[in-house]
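Q: Taken in order, these protein sequences are the chains called G and H.
Counting from 1, position 1 in the first sequence corresponds to residue 1 in my numbering; the numbering is continuous, with no gaps.
Each number in my numbering comes from the position in the second sequence (counting from 1) with 138 added on.
2 protein chains.
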Amino acid sequence: MEKVPMRITYQRKIILEELKNLGNHPTVDEVYMVVKKRLPKISMSTVYRSLEVLSKNGFIKKIEPVDTQKRFDDNTSTHYHFYCKNCEKMKDAPLKPEMVKKLEKEIGAIEKIMEGNGYKVDGYTLEFFGTCKSCEQK
Amino acid sequence: MEKVPMRITYQRKIILEELKNLGNHPTVDEVYMVVKKRLPKISMSTVYRSLEVLSKNGFIKKIEPVDTQKRFDDNTSTHYHFYCKNCEKMKDAPLKPEMVKKLEKEIGAIEKIMEGNGYKVDGYTLEFFGTCKSCEQK
DNA sequence: ACGAAAACAATAATCGTTTTCAATTAAATG
DNA sequence: CATTTAATTGAAAACGATTATTGTTTTCGT
Ligand SMILES: [Mn+2]
Ligand SMILES: [Mn+2]
Ligand SMILES: [Zn+2]
Ligand SMILES: [Zn+2]
Numbered sequence: 001m002e003k004v005p006m007r008i009t010y011q012r013k014i015i016l017e018e019l020k021n022l023g024n025h026p027t028v029d030e031v032y033m034v035v036k037k038r039l040p041k042i043s044m045s046t047v048y049r050s051l052e053v054l055s056k057n058g059f060i061k062k063i064e065p066v067d068t069q070k071r072f073d074d075n076t077s078t079h080y081h082f083y084c085k086n087c088e089k090m091k092d093a094p095l096k097p098e099m100v101k102k103l104e105k106e107i108g109a110i111e112k113i114m115e116g117n118g119y120k121v122d123g124y125t126l127e128f129f130g131t132c133k134s135c136e137q138k
Numbered sequence: 139m140e141k142v143p144m145r146i147t148y149q150r151k152i153i154l155e156e157l158k159n160l161g162n163h164p165t166v167d168e169v170y171m172v173v174k175k176r177l178p179k180i181s182m183s184t185v186y187r188s189l190e191v192l193s194k195n196g197f198i199k200k201i202e203p204v205d206t207q208k209r210f211d212d213n214t215s216t217h218y219h220f221y222c223k224n225c226e227k228m229k230d231a232p233l234k235p236e237m238v239k240k241l242e243k244e245i246g247a248i249e250k251i252m253e254g255n256g257y258k259v260d261g262y263t264l265e266f267f268g269t270c271k272s273c274e275q276k
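See below:
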């Protein structure tokens, strides 16, 4: 149960450096392409692993979908979801309609602000994750 | 440019039926498995296409990630993102820190409510999508 | 009932990501 | 230092989810 400190290897140092001067939210492939210029022999898996380690140690932040699979909902009205990492099920967020309405309005206002800033906002997704009620009760 | 009405095929009818009585947000595979019991010869691609068509015609709602690729951010503080469907770049949502703070607080309250409902909330993702400023200016 | 267009089943291809494993490198020990 | 131990790497294969392709079948307006 000991926490082994992250090793600062040459490739990790360079990956971090290049991520920083790439700036805006690159994909793994984008990082790979620039790093390859300095480390021609580096492999894709090293880039994947390093970014993972760097984010796990708080140097950077990973942006990833809560759940990668497509899902379908017979309820077409606006509501939010909760993904349980334990049972891997998607549940409706346990919120009263009034709460949903309020949040919806709030975020709608935010969208307006972004539109005022020159962005065309088509929509958004808000998803919570953690452990669902039934899983928690065990 | 004509809008062709969706054909109501046997398999679409059954897929919709089964999606409805599956209830909670099934994955494509989950739909496939139950539908296969009634239509042993149905193929996976038909399930994919049908769910797509059904959602496009408003019968059901698709739940999918704004962007499927992993991305990494050198900014580790809390902030929101905007995905441009045109240039396929992820940008920081153009919001003033005060606005972010406010939303953060608002959603934090929502999390509390869900915790009160027996859920363990580890976090959430909020992502906007549409067309970014620079793409819009063309 | 006929025929054009749409949808189908089966299969292969693609995409992003993870795993495997032998070789290399870094850190810990003496 | 030299030696031991353990983590990391590169290359390749495997993976799961989704999309594309190709003939065949079905739907539906006429
Ligand atoms: Mn739902
Ligand atoms: Mn960011
Ligand atoms: Zn659960
Ligand atoms: Zn753009």
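Yeah, the Cβ is synthetic: ideal placement off N, Cα and C, and Gly gets one too.
Leaving aside the five residues before and after residue 200(H) along the sequence, list all residues of the same chain whose C-beta is less than 8 Å from its C-beta, in chain order.
A: 189, 190, 193
Q: Quick check: does the Cβ of residue 75(G) come within less than 7 Å of any heavy atom belonging to ligand 6?
A: Absence of ligand 6 from the depicted structure is noted, with ligand 1, ligand 2, ligand 3 and ligand 4 being the only ligands included.
Q: Relative to the C-alpha of residue 45(G), which candidate in 94(G), 70(G), 12(G) has its C-alpha closest?
A: The option with the nearest alpha carbon to residue 45(G) is 12(G).
Q: Measuring CA to CA, which of 82(G), 136(G), 118(G), 25(G) is closest to residue 163(H)?
A: 82(G)
Q: For residue 1(G), is the classification buried or exposed, using 16 other Cβ atoms within 10 angstroms of its Cβ as the cut-off for buried?
A: Bear in mind that the predicted position of residue 1(G) carries a pLDDT of just 47, short of 50, making it too unreliable to give a figure here.
Q: Locate the beta strand (DSSP E) running through residue 222(H), then write down its first and last residues.
A: 219–222
Q: Is it true that the CB of residue 267(H) sits closer than 8 Å to the CB of residue 122(G)?
A: yes
Q: Give, in chain order, every unbroken run of the beta strand (DSSP E) that is at least 3 residues long and sits entirely within the segment 29–69 of chain G.
A: Here the runs fully enclosed are 61–63.
Q: How is residue 127(G) classed by DSSP in three states: helix, strand or coil?
A: strand
Q: In whole angstroms, what separates the C-alpha of residue 31(G) from that of residue 120(G)?
A: 28 Å
Q: Between the Cα of residue 85(G) and the Cα atoms of 95(G), 76(G), 105(G), 133(G), which residue gives the shortest distance?
A: Of the candidates 95(G), 76(G), 105(G), 133(G), the one whose C-alpha sits nearest the C-alpha of residue 85(G) is 133(G).
Q: Keeping to the same chain, check which residues put their C-beta closer than 8 Å to that of residue 152(H); ignore five residues upstream and five downstream.
A: Closer than 8 Å at Cβ, skipping near neighbours: 173, 176, 177.
Q: Does DSSP put residue 237(H) in a helix, in a strand, or in coil?
A: helix
Q: Cβ-heavy atom distance between residue 165(H) and ligand 3 below 7 Å?
A: no
Q: Rounding to the nearest angstrom, what Cα-Cα distance links residue 127(G) and residue 269(H) in this structure?
A: 21 Å
Q: On the three-state DSSP scale, how would you describe residue 138(G)?
A: Residue 138(G): coil per DSSP, three-state reduction.
Q: Using a threshold of 8 Å, state whether the C-beta atoms of residue 186(H) and residue 204(H) are closer than that.
A: no
Q: DSSP three-state call for residue 1(G): helix, strand or coil?
A: Residue placement at residue 1(G) cannot be trusted, given a pLDDT of 47 that sits under 50; what the coordinates show is reported in the next sentence. In this structure, residue 1(G) counts as coil in the three-state DSSP scheme.
Q: Determine the DSSP secondary structure at residue 252(H), reduced to helix, strand or coil.
A: helix
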